[in-house]
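Student: Numbering (the UniProt record's numbering), first residue to last: 1 to 144.
Note that the Cβ used here is the ideal one computed from N, Cα and C, for glycine as well.
Everything numeric in this text was worked out from a predicted model, so none of it was measured.
Structure provided below as structure tokens; questions to follow.
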């Protein structure tokens with residue numbers, strides 16, 4: 001009879017830095033990650049909505065006009081953060097959901113725009129990754 005060797009579980013002598021701060025309890029983690037998704041979406045979700053015909057949001061590129069002209073997400077409207085005013089947004093119905101993005105993780109323009117939209121009592125989500133994340137996912141920017 002042949003017996004299979006069961007690998008032993010390696011238990012380090014010391015904890016990694018990962019465990020320097022204990023992970024949250026499951027109920028706290030559930031609340032945290034659910035809350036994050038109320039504020040964020042990602043490039044893949046935006047792309048999927050665009051390609052399934054389920055776009056139920058307005059995609060805002062909040063970078064300057066020059067950056068927008070060099071390349072932006074298909075279907076995006078360019079409204080730089082400083083131009084997000086009640087008057088400028090009046091063309092959109094009050095329950096419009098705005099998805100904002102900027103250059104990428106190195107840029108806080110989307111955060112500033114989201115803050116501005118929330119101040120104007122508008123629903124908003126940030127597309128994490130921005131234009132750089134879009135390209136990293138293999139999606140193309142347009143210049144039209």
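Can you tell which of 113, 120 and 134 has its C-alpha closest to the C-alpha of residue 63?
Tutor: To locate residue 63, count along the chain shown from 1; it is residue 63. Measuring from the Cα of residue 63, the nearest candidate turns out to be 113.
Student: Is the beta carbon of residue 43 closer than 7 angstroms to that of residue 137?
Tutor: On the chain shown, residue 137 is found 137 positions in, with the first residue counted as 1. On the chain shown, residue 43 is found 43 positions in, with the first residue counted as 1. A contact, by the Cβ cut-off of 7 angstroms.
Student: Check residue 41 in the structure and name its three-state DSSP category.
Tutor: Here residue 41 is taken as the residue at index 41 of the chain shown, counted from 1. In the structure shown, residue 41 falls within a strand segment according to DSSP collapsed to helix, strand and coil.
Student: Could you spell out the range, first to last residue, of the alpha helix (DSSP H) harbouring residue 136?
Tutor: For the purposes of this step, residue 136 is identified with residue 136 of the chain shown, where counting begins at 1. For residue 136, the uninterrupted alpha helix (DSSP H) segment begins and ends at 130 to 136.
Student: Which whole-angstrom value is the C-beta distance of residue 60 and residue 100, which I expect to be below 8 angstroms?
Tutor: The residue you call residue 60 lines up with position 60 of the chain shown. The residue you call residue 100 lines up with position 100 of the chain shown. That pair is a contact at about 5 angstroms.
Student: What do you get for residue 129, buried or exposed, if any count of 16 or more other CB atoms within 10 angstroms of its CB means buried?
Tutor: Working through the chain shown from its first residue, we reach residue 129 at position 129. That one is buried.
Student: Starting from the Cα of residue 116, find the closest Cα among 86, 74, 17 and 53 and give me that residue.
Tutor: Translated into positions along the chain shown, residue 116 becomes position 116. For the residues 86, 74, 17 and 53, the minimum Cα distance to residue 116 belongs to 86.
Student: CB-CB under 8 angstroms to residue 40, same chain, minus the five flanking residues each way: which ones, in chain order?
Tutor: Locating residue 40 in the chain shown gives position 40, where the first residue counts as 1. The answer, listed in chain order, is 125, 126, 127 and 128.
Student: Are residue 134 and residue 89 touching if we call contact CB-CB under 7 angstroms?
Tutor: Looking up residue 134 in the chain shown gives position 134. Looking up residue 89 in the chain shown gives position 89. No, these two residues do not count as a Cβ contact at 7 angstroms.
Student: Between which two residues does the beta strand (DSSP E) containing residue 98 stretch?
Tutor: What you label residue 98 is simply residue 98 of the chain shown in a count that begins at 1. Element bounds for residue 98: 97 to 101.
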